[in-house]
Every structure is written in C-alpha cells, then in structure tokens.
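From first to last, the protein sequence lines are chains A and B. Following this note's numbering, the numbering of the first sequence begins with 87 at its first residue and continues without gaps. Following this note's numbering, the numbering of the second sequence begins with 53 at its first residue and continues without gaps. Notes follow once the structure below has been shown.
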Amino acid sequence: MRELRGIGASPGGAAGPVYRLAPPPTVPPLAENVDPEAEKATVRAAVVAVAADLTRRADTVLEKTAAEVLRAQVMMAQDETLIDAADIAIDGGADAPHALTDVLAGHRAAFEAAGGYLAERVSDLDDLRDRLVAACLGQPMPGVPDPGHPYLLIARDLAPADTAGLEPGLVLGLVTAEGGPTSHTAILARTLGIPAVVRCAGILDVADGALASLDGASGVVVAGVSADTVTTVNADRLAEIERRTRSQGPGRTADGHPVALLANIGSARDLTGEVEGVGLFRTELLYLDRSDPPPYEEQVAAYRDVFAALPGRKVVVRTLDAGADKPLPFLRLAAEPNPALGIRGLRVARQTPSVLSTQLAAIAAAAAATDADVWVMAPMVATAAEAASFAGSCGEHGLPMAGVMIEVPAAALRAGQVLRHVDFLSVGTNDLSQYTFAADRMCGDLADLLDPWQPALIALLASCAAAGVEAGKPVGVCGESAADPAFALVLAGLGITSLSMAPRSIPAVRESLAAHTLAECRQIAEAALAAPSPEAARAAAGA
Amino acid sequence: MPTRTVLVGSASGLHARPAALFVAEAAKQPVLVTIRTSDKKPVPARSMLGVLSLGAKKGTEVTLEADGDDAQAAVDILADLLERDLDAVDA
C-alpha cells in the first residue's frame, strides 16, 4: 500500500481499479524506409480495431444522440474511400499515421468550408483521427477509458471536452495530478457528485487496473488496497448517499433564520430532485460548438425548459459569460495576451450588443410563458455605471429583477454604489479570488491563494453582504465556496442571503446550517474575518 | 448511363441521420452509385466521408449516377430516399 496526498476537491469516498485518461497521440516524425505493404496492413488493422471499439461504445451508451454520433463515426472509419486514399498516400511515401492524418485533414477542410452543422462536427473527425493514429502506434485509445465496469478515472487534468460523456455510474471517483480546487475537474466532480482529489502528484505512476481508494474530503489516496477495502469504501459511500437524499426542506439555521439553498445548473438536465430554486443558470452551453449564435426561438425553448420545471420558484439566469478564454467563433474576438483580463462577460456587449439583446428578449419571452420567478444577472461587472447600463437593458425587455455578479474586486469595493442601480448581487467567489489574489484559477501551483478562507476574500464578501443589509437587497454567493459546509456558516454569519451550488452539495450544507444558530454563525464569521491566515480562519470556525 | 437529379428533402440536409440512412442504403445496392453536387466532384454514395463532405443542405440539387445491370433501379431507390425528409423517419 502506498499513501499519496492531494487536495480534496469533491467530498466522499470511492475505491476501485484505476484507469487513465489517455492524451491524444502525438504523431512521430515520418518514418524512414517505409514498407508500403506493412503500412497498408497497419491502416486496415487500425480501422478494424477503432470501428469495433466505437461500435461497442455505441451499443452501451444510453444517450441516443451520443449513440448516433458514435455510429456515424463507425461509418466514417469503415468508409472504403478512407482506406483507398490512405493507400495512395502510403504509395507516395507516407507511413500509416501520416496517411490517415492527411486524408482526414482533407475531409476536415471540406466540413469547415460547408459551415453550419458540418463545421460543428469537425471535432468528431478529429476524435476519429486521434483514435486511428493511436491504434496505428499501439497507444491506448484517447479519451475517457471504458473498461466495461466501474473504475476510478485518473488523469493529468481534465478538460470539459474530455468529460462530456462521463457516466457517474461508471466513474466512481476522479484523481488528477494537476488542477486545483476550482479547476474544471473539481467543478465537474461536485456537479456529478463524484468524489475527487486534485493535485495528487504520483497518481500517474499507479498502473492501470491497480486497486486504489480516495477520500475526497481529506485528499488522501491509497494505491494498492485490497478488494475487501474496495467493497467497504463503496458500501459506505452508498449508505452516505442514501442518508443525504432523505434530507429535505429549505435552508435554515437552527433558530430558523432562512438562507436559501439554490442550485447551479447549465440546463434543465442538471436539475435533480427538489430545490428551493436556481441561483446560477449558466447559459454558455447553448452557445458552445457553434459557428453562429443560437437563434432566438431555440434560446426561448431552452430557457422555458428550465423555467417550466420550477413553477413559483426563483431562477437566476446569468447572461452569456464568454471571452477569449472561452472563445466563440461568432463573437470574432481577437486573441488576447491576457484573456481573463480582456473582453469577456458583459464586456462582450461593448462590441457585439446584439448577442445580449437577443438573449434578454429570449429570457423575457420564456419567463412570460411560465410561472417561474425569473431574475437576470450579468457577469464581469466592474463599475456602478456598467451595472446601471445592464439594469437599463433588462428594464427595456421587461425583466423586473436585474442584478450583477461580483467577481471583480472593484465592484466588491463599491458594492453599495453598485446596489443603487440593481436589485441584487451574486458573488462569484472563484473569479473574485482569481482577481483579488492575481492568481489564475487554472494554476494549480497557486491553489493556496485561491483558498476561499483567505481573510482578504472574506473581507470583500463581508463588504458585499453589509451593502446588501444596508440596502435591504439580497446578496448571494454562487462560487464553489458556497458548497463548503463550514464556509457556509461564515457566509450566513456575514449576512449573505442565499448560497448556490451543485445540487448534490446542498444536503451537506443544509445539515451544517441546521446545526448552528444565526448568533453562532455571526461569531464564526467575525472570528474568520479577524484571522491572520486561511489556516487560522478555518481553526477559528472550527472547520 | 442512368442518372437522376433531385433536391435534398431532409430538414437537416444530407448530414447526421439522413446521411447515415442514405449511405447504409447505398451500401446495399449491387452497383456502385455516385453522388455529386453542381460544384463538387462525384463521390461514392456508400462513402460516409464523401457524402458528408458534399455539405448538401435541404433543397440542394444532387445528381446520382450508376452503371451496369440494375443501375436504374439502384439510382431510383436512392433518389427516392433523398427526396424524403429522413429526419422525420422513426428510428
């Protein structure tokens, strides 16, 4: 047995055999003295292996659209013209990987030239190329492994694209060598309710198939555990999930002070079980992988799906949060040396106002067709003037509740002035940490600076909460810190009125609040605010 | 040589499900059928990559062509299929 240490990113225990996410293959330089017949045989063997693997996946995947995409990939792989064209390239001196890469590059160009739907499918071609090349080189299939039974997924780090098809029933836990507590891996794991540990150096030295266990709270990973341990850990986890699902009701302190517990979602699909409402409806999903902005009607339908599922309840919609760090082709944003500090969030409307106005019109139309209590907020607001301008746009579209995200320290410092123009604030602690500490969210080496228990971050939260109390307007938190059961006590004590998080994180926060009175929360908040370091703040809060 | 020119009838164009159904039907035919648009070279109708690369949308004019025994029947079967809205066909 070998104990490895990382940072706990999503609580819970998990155990099982580990399998790694293989990176896309790198094509080595063109081989010299290519034997054309051997290369042609390699192409054929790769096609057979990839088609068989994709067919097996298509047969087991539950989601219909995903299965259709996989079957279309099988037909591309088995296309006779692919082999014919690869043969010609090989006769011209190429080896198998280069021949397949070149042939598929030709189709890729045709797909892109066709535009629209086809241009959005180039990622399927790229994936097929990576699979064929990996098969030629004898490397593992790139992407999320599918050993056919539950396992622990290990990786250097995970990108959103890697995890689109991740099935919580199969992936028992996640361990990454890099990434931080606010990386995509961590957010995804909490959303799916999968225990996870990030920044676990040495995890990639563990062989595929070896049994390991992880504790997503403490960050401890043990490699080389027994089969009995695996059974026990997973049984405990199931019992824990069972207990949590029985916890219900609105968020309250022990003495009945309400703190709304809301859900962070990206689409109606993320709504699992009963929630008080939605504190962050991210709308980016609609805009991704597109060469044109989503049409008005399509947006109305997508928003209506969410609103209709929450009659009489609050839904806070965040307008498009895109920028050079999350590029969307139709925005035609130039590459920026510092995308996190560039044209993103509400700033996009300076250049392309139509994207925001179409979105606000679609939200208003969907809201009018349902009984949900729809609020709208803008990301990346820095000044009271920007807040006023956004509130004006919302008013023009007949949206009664307009607010802004507090992610930029400038806006947090002037929260009172910002609140004069809008109806509510929602603090995005992930970005607020990044901008306050000048520490990139994706930079795992700076994870200590991105700790929400940093007293400077707590001070900014306190100033926003105080501004809300003074104005008599709600101030919520929708960053990852809201999902920390101990930190939730600090937030409640500061005067934050709602906490929004991945739906699966709600039960633990609900239990934590219910075990403390408002007076206790205030004491904890004062102690954390006065602490000289994150460690001292945690200790002061008894966390 | 049997030839037929038709307009693509599927709402999403000759992509996704319509393309998969068309290519699968072409593979069943005893003769090689080619398909082309007005501005592109003919590609084998049983080639998924070739058919997709045509980028044919709803209403695009496409020409089918085949040679040999049963060529007319094969062209007719595939032309009729193209004219239908294959997005509306049950899975």
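Note that beta-carbon positions come from the ideal geometry of N, C-alpha and C, so glycine has one too.
* To do: For LEU101 of chain B, return the contacting residues in chain A, with the cut-off set at a CB-CB distance below 7 angstroms.
  => Under the 7 angstroms cutoff, chain A gives MET162, ASP165, THR167, LEU168 and HIS193.
* Scan the stretch 157-214 of chain A and note each continuous alpha helix (DSSP H) run of 4 residues or more that stays entirely inside, going in chain order. => Qualifying alpha helix (DSSP H) stretches, in chain order: 166-177, 182-200 and 202-205.
* **Nearest-angstrom Cα separation, counted from PRO593 of chain A out to ARG338 of chain A** => If I take the Cα positions, the gap works out to 12 angstroms.
* Taking ALA263 of chain A and ALA287 of chain A to be in contact with their CB atoms under 8 angstroms, please state how far apart those CB atoms are, rounded to whole angstroms. => Confirmed, about 6 angstroms.
* Evaluate contact between the stretch 601-611 of chain A and the stretch 526-537 of chain A, counting only Cβ atoms and requiring at least three cross-stretch pairs below 8 angstroms. => As far as the Cβ criterion goes, the stretch 601-611 of chain A does not touch the stretch 526-537 of chain A, which means the pair count is below three.
* Between the stretch 64-75 of chain B and chain A, which residues of the former have a C-beta closer than 9 angstroms to a C-beta of the latter? -> Taking 9 angstroms as the Cβ-Cβ cut-off against chain A, the residues of the stretch 64-75 of chain B that qualify are SER64, GLY65, HIS67, ALA68, ARG69, ALA71, ALA72 and VAL75.
* To do: Mind checking who ASN350 of chain A pairs with in its DSSP beta bridge?
  => ASN350 of chain A pairs with A:LEU366.
* **Whether ALA497 of chain A touches ALA477 of chain A by CB criterion (8 angstroms)** => For ALA497 of chain A and ALA477 of chain A, no; Cβs fall outside 8 angstroms.
* What are the residues that DSSP puts in a beta bridge with SER459 of chain A? -> For clarity, residue 459 of chain A is Asp in the given sequence; the question names Ser instead. Beta-bridge annotation (DSSP): ASP459 of chain A is paired with A:LYS400.
* For ARG142 of chain A, count neighbouring Cβ atoms within 10 angstroms of its own Cβ and tell me buried if that reaches 16, exposed if not. => ARG142 of chain A counts as exposed, since fewer than 16 other beta carbons sit within 10 angstroms of its beta carbon.
* For MET491 of chain A, which of A:GLU472, A:VAL513 and A:ARG500 has the nearest alpha-carbon? -> When C-alpha distances from MET491 of chain A are compared across A:GLU472, A:VAL513 and A:ARG500, the shortest belongs to A:VAL513.
* Asked: Are any of the Cβ atoms in chain B nearer than 8 angstroms to that of ALA215 of chain A?
  -> Correcting the residue identity first, residue 215 of chain A is Arg in this sequence and not Ala. No, because no Cβ of chain B sits closer than 8 angstroms to the Cβ of ARG215 of chain A.
* **Where TYR105 of chain A sits in the DSSP three-state scheme** => Here TYR105 of chain A sits in strand by DSSP.
* Asked: Which bits of chain B does ARG157 of chain A rub up against, with CB to CB less than 7 angstroms?
  -> Under the 7 angstroms cutoff, chain B gives ALA72.
* Is the beta carbon of PRO97 of chain A sitting closer than 8 angstroms to the one on LEU223 of chain A? -> No.
* Using 8 angstroms as the threshold, is the stretch 91-109 of chain A in touch with the stretch 308-327 of chain A, meaning 3 or more CB pairs across them? -> Using a Cβ-Cβ distance cut-off of 8 angstroms, the stretch 91-109 of chain A and the stretch 308-327 of chain A are in contact, since at least three pairs of beta carbons, one from each stretch, lie closer than that value.
* Asked: When you compare only the Cα positions, how much space is there between ALA118 of chain B and ARG98 of chain B?
  -> One Cα belongs to ALA118 of chain B, the other to ARG98 of chain B, and the distance between them is close to 12 angstroms.
* Asked: Touch check for the stretch 170-188 of chain A and the stretch 214-234 of chain A: three-plus C-beta pairs under 8 angstroms?
  -> Two segments are said to touch when three or more pairs of C-beta atoms, one from each, lie closer than 8 angstroms; by this definition the stretch 170-188 of chain A touches the stretch 214-234 of chain A.
* Where do the ends of the alpha helix (DSSP H) carrying THR86 of chain B lie? -> First-last for THR86 of chain B: 85-89, but that is the beta strand (DSSP E), not the alpha helix (DSSP H).
* Helix or strand or just coil, what does DSSP make of ARG436 of chain A? -> Per DSSP, reduced to three states, the secondary structure at ARG436 of chain A is helical.
* To do: Determine the burial state of LEU116 of chain A: buried for a count of at least 16 other Cβ atoms within 10 Å of its Cβ, exposed for fewer.
  => Around the beta carbon of LEU116 of chain A, fewer than 16 other beta carbons sit within 10 angstroms, so the residue counts as exposed.
* Asked: When we look at the beta-carbon of ASN516 of chain A and count the other beta-carbons within 10 Å, is it buried (16 or more) or exposed?
  -> Classification of ASN516 of chain A: buried, given that the 10 Å Cβ count is 16 or more.
* Beta carbon of LEU107 of chain A, beta carbon of LEU239 of chain A: below 8 angstroms? -> Yes, these two residues count as a Cβ contact at 8 angstroms.
* Asked: Could you give the uninterrupted runs of the alpha helix (DSSP H) lying entirely in the stretch 243-325 of chain A, keeping only those of 4 residues or more?
  -> Taking only runs of at least 4 residues, the alpha helix (DSSP H) segments lying wholly in the stretch 243-325 of chain A are 270-278.
* To do: Assign PRO618 of chain A to one of two classes, buried (16 or more other C-beta atoms within 10 Å of its C-beta) or exposed (fewer than that).
  => Per the 10 Å Cβ criterion, exposed.
* **Contact check, SER105 of chain B vs ALA196 of chain A, beta carbons under 8 angstroms** => Going by C-beta atoms, SER105 of chain B is nearer than 8 angstroms to ALA196 of chain A.
* Classify ALA552 of chain A as helix, strand or coil using the three-state DSSP reduction. => For ALA552 of chain A, the secondary structure class from DSSP, reduced to helix, strand or coil, is helix.
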